[in-house]
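K.L.:
My questions will all concern the structure given below.
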Amino acid sequence: MRLRALLDTDALGLKLLGGEDELDRTVRGVMTTDLRDPSRYLAGGELVLTGLAWRRDADDSEPFVRILVQAGVTALAAGEAELGDVPEDLVVACARHRLPLFAVHESVAFATITEHVVRQVSGERAGDLAAVVDRHRRMMTSGPAGGGPDVVLDLLGTDLDLRAWVLSPTGRPIAGSKAAGPALPAEACARLAGEHLAATRTGRRGPHRVALGATTYSLFPVRSTGRSPQPARDVRETVLSDWLLAVEADAGDWPEERLDLLYGVTQLIAVERDRRDAARTVRRRLAQEVLELVQTGAAPAEIAARLRVAAPVLLPGLGAAPHWQIVVARVDWDGEAIEGGPVAQALLEEVLVDPVVAGPEHSDRIAVAHTGGEAIALVPLPAVSAEHDGSETGVLADALLASVREPLTAGLNDDGRLTLGVSAAVHSAEGLRGALEEARHARRVAAARPGRVCAAGHQELASHVLLLPFVPDDVRRAFTARLLDPLRDYDRRHRAELIPTLEAFLDCDGSWTRCATRLHLHVNTLRYRVGRIEQLTSRDLSRLEDKLDFFLALRMS
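Using our numbering, the letters of the sequence shown correspond one by one to residues 104 to 660.
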């Protein structure tokens, strides 16, 4: 579409401030940004929408406009809501670089302009404007007539014969077209999400192409349409929670028209994403209210009353009040300060979902608040009967860690860290304060471990595992070296496998027969190896104290 067509559309409320001779330029997409340097996200041909939050003084306009022009942007539209009139220095900079400039009236949402451009551009590319607009409108309509992201993915399948899926940052399937056929394996989803996060962190411009076996996928980011009151100014603020569109095709040789259409599809999916985020406002408020009551030591009766209000919202149709679990998360970044609480909040809302359940709405039963640098999730569980067999239910730290570690490690790159703590389930308001402290303490245990993504559960707070992370590094090294270095040296010289033998012997609780069977050794050979271990370390493996020392040394090494 042409810039002239935008100016002629009264509903968009655009006022031309410069570039009258450039109105025949073609618009191939639209992007909302308040980054000082958005070049990594620009492919050329975009109408850029900005709220001017990047501008601190008049000297900022020239470099910003120069970056847009170098990226091949078609035009710039600046909102008047932040500063009132568009600053004169921006008008001058755009005139100097021959970049058309529009003012957007404060009454017009950027999402309205985005929606209009996407409909026009996508319609022109698909060749059937009426059908495409109808499908897009149905996708963005709430209620039974709508279809969420699946509708627009069906368009890709029927009109362009493309198999496509929308994935969360952890690789959870959110949507897929009917033409996509069988669901992608969980391993493939996690790998695609991890590759996308890694590419986003390195600043590579999409689409990102990934080969899994003989199949090539093209990955497109799904970013906010601009409805958020505070757009992200650093990629790390959203990288752990943004969705992605995975298309089973190699976009490397696609014409510009098809790429434009796919970018338009991601913007339509982003409309649905923004709507879902807006719907979480009530659940976030409930979580914040409960958290404040718990942290200020409110009476259990007051907390219980608030939970009775929350239960129908989080678990509609549930007859009895549920049990509750607390999950605490913290995201820390090196270097420049980034507020970690909102990042962790958005992340928890994505990851506290059953990974085998597809769809965008299954996280709507999770209420997440944030305070300081941490996010706190209030997770409702269906009430467990008195005859419950004692087996664990709800969120388990190990399962949660396994479902998010691979892709999120890629998103954290080498400058970020995620730590998670999970409480036991509690059956009443009286237990919430203890559950919160339990989850926070478990998170501190996780933080003492190595790795970019770590989690700990309440089970570990009653084990020696609780103590090991807090042993100072120099004490660890001295303790393990004193016990294990003689064995390691001997193994290097003689290939005697004393360390594996010691591990197996302790795992078998000192049973000669079971250990010999596990190692496929004769018992006499095992006795010789154990004797050599005792000789080299001056310890006696028949004594409980020495067994415990070896056990701890192996765990800390």
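No residue lacks a Cβ here, since even glycine has one placed at the ideal position from N, Cα and C.
For Met104, does the three-state DSSP call read helix, strand or coil?
P.N.:
It is coil, neither helix nor strand.
K.L.:
Would you mind listing the beta strand (DSSP E) stretches within the stretch 382 to 412 that are 3+ residues and don't spill past its ends, in chain order?
P.N.:
With a minimum length of 3 residues, no continuous beta strand (DSSP E) run stays inside the stretch 382 to 412.
K.L.:
So for Thr628, helix, strand or coil by DSSP?
P.N.:
Helix.
K.L.:
Does Asp257 pass the burial test, meaning 16 or more other C-beta atoms within 10 Å, or should it be called exposed?
P.N.:
Burial call: buried.
K.L.:
Would Arg131 pass as a contact of Glu149 if the rule is Cβ separation under 8 angstroms?
P.N.:
Yes, Cβ-Cβ distance for Arg131 and Glu149 is below 8 angstroms.
K.L.:
Just the Cα atoms here: how many angstroms apart are His623 and Ser614?
P.N.:
Distance between the alpha carbons of His623 and Ser614: 14 angstroms.
K.L.:
According to DSSP, simplified to helix, strand and coil, what is Ile469?
P.N.:
Coil at Ile469, not helix or strand.
K.L.:
Do Leu511 and Leu503 count as a contact pair if the criterion is CB distance below 8 angstroms?
P.N.:
Going by C-beta atoms, Leu503 is not nearer than 8 angstroms to Leu511.
K.L.:
Quick check on Gly306: buried or exposed, where buried means 16 or more other Cβ atoms within 10 Å of its Cβ?
P.N.:
Exposed, by the Cβ-count rule.
K.L.:
For Thr583, which residues in the same chain have their Cβ closer than 7 angstroms to its Cβ, ignoring the five residues on either side in sequence?
P.N.:
So the list reads Ala656, Met659 and Ser660, once near-sequence residues are dropped.
K.L.:
Whole angstroms are fine: how far does the CA of Asp577 sit from the CA of Phe608?
P.N.:
Going by the C-alpha atoms only, they are around 27 angstroms apart.
K.L.:
Kindly indicate which three-state DSSP category Ile441 falls into: helix, strand or coil?
P.N.:
Coil at Ile441, not helix or strand.
K.L.:
Please report the straight-line C-alpha distance between Arg536 and Ile479, rounded to a whole angstrom.
P.N.:
Looking at the two C-alpha atoms, the distance is approximately 12 angstroms.
K.L.:
Taking Glu290 as part of the alpha helix (DSSP H), name the residues at either end of that continuous run.
P.N.:
Segment Ala289 to Thr305, the alpha helix (DSSP H) holding Glu290.
K.L.:
If you draw a straight line from the alpha carbon of Ser321 to that of Gln370, how long is it in whole angstroms?
P.N.:
For Ser321 and Gln370, the distance between alpha carbons rounds to 16 angstroms.
K.L.:
Excluding the 5 residues flanking Leu295 on each side, which residues of the same chain have their C-beta closer than 7 angstroms to its C-beta?
P.N.:
Closer than 7 angstroms at the Cβ level, and outside the excluded window around Leu295, lie Leu270, Gly274, Val313, Tyr320, Leu322 and Ala349.
K.L.:
Let me make sure I understand the geometry here. Which of Leu263, Gly560, Ala382 and Arg642 has the alpha-carbon closest to that of Gln428?
P.N.:
The option with the nearest alpha carbon to Gln428 is Gly560.
K.L.:
Output the distance between the C-alpha atoms of Leu186 and Ala206, rounded to the nearest integer angstrom.
P.N.:
Whole-angstrom Cα-Cα distance: 12 angstroms.
K.L.:
Whole-angstrom Cβ separation of Leu202 and Leu171, contact assumed at under 8 angstroms?
P.N.:
At roughly 6 angstroms, the Cβ-Cβ gap stays under 8 angstroms, so Leu202 and Leu171 are in contact.
K.L.:
Hey, which unbroken runs of the beta strand (DSSP E) at 3 residues or more fall wholly within the stretch 493 to 525?
P.N.:
Segments of the beta strand (DSSP E) lying fully in the stretch 493 to 525: 519 to 525.
K.L.:
By alpha-carbon positions, which one of Gly475, Val431, Arg376 and Leu455 ends up nearest to Ala542?
P.N.:
Here the closest residue by C-alpha is Val431.
K.L.:
Consult DSSP for Cys557 and reduce its assignment to one of helix, strand or coil.
P.N.:
If DSSP states are grouped into helix, strand and coil, Cys557 belongs with the strands.
K.L.:
For Ala301, collect the residues of the same chain with a Cβ closer than 6 angstroms to its Cβ; drop the 5 residues on either side in sequence, then sort them by chain order.
P.N.:
Answer for Ala301: Ala513, listed in chain order.
K.L.:
Helix, strand or coil for Glu185, going by three-state DSSP, please let me know.
P.N.:
Note: Glu185 maps to coil in three-state DSSP.
K.L.:
Would you call the stretch 590 to 604 and the stretch 624 to 642 touching, i.e. three or more CB-CB distances under 8 angstroms?
P.N.:
Contact between the stretch 590 to 604 and the stretch 624 to 642 is present, because at least three Cβ pairs lie under 8 angstroms.
K.L.:
Would you decide whether Leu455 is buried or exposed? Buried here means 16 or more other CB atoms lie within 10 Å of its CB.
P.N.:
With 16 or more other Cβ atoms within 10 Å, it is buried.
K.L.:
In angstroms with no decimal places, state the Cα-to-Cα distance between Pro332 and Asn516.
P.N.:
Per-residue confidence for Pro332 stands at a pLDDT of 43, beneath the threshold of 50, marking its modelled position as unreliable; the derived number appears in the next sentence. For Pro332 and Asn516, the distance between alpha carbons rounds to 27 angstroms.
K.L.:
What are the partner residues of Asp353, as DSSP defines its beta bridges?
P.N.:
DSSP lists no partner for Asp353.
K.L.:
Kindly list the residues whose CB is nearer than 6 angstroms to the CB of Ala528, restricted to its own chain and excluding five residues on each side of it in sequence; keep chain order.
P.N.:
Excluding sequence neighbours, Ala528 sits near His426, Gln428, Leu484 and Gly497.
K.L.:
Report yes if the CB atom of Gly519 is closer than 8 angstroms to the CB atom of Arg555, and no otherwise.
P.N.:
Result yes, Cβ atoms of Gly519 and Arg555 sit closer than 8 angstroms.
K.L.:
Work out the CA separation of Thr261 and Glu375 for me, nearest whole Å.
P.N.:
The alpha-carbon atoms of Glu375 and Thr261 are separated by roughly 21 angstroms.
K.L.:
With the cut-off set at 8 angstroms, would you say Val224 and Gly367 are in Cβ contact?
P.N.:
Yes.
K.L.:
If you follow the alpha helix (DSSP H) that Glu165 is part of, which residue opens it and which one closes it?
P.N.:
Per DSSP, Glu165 belongs to the alpha helix (DSSP H) from Ser164 to Gln173.
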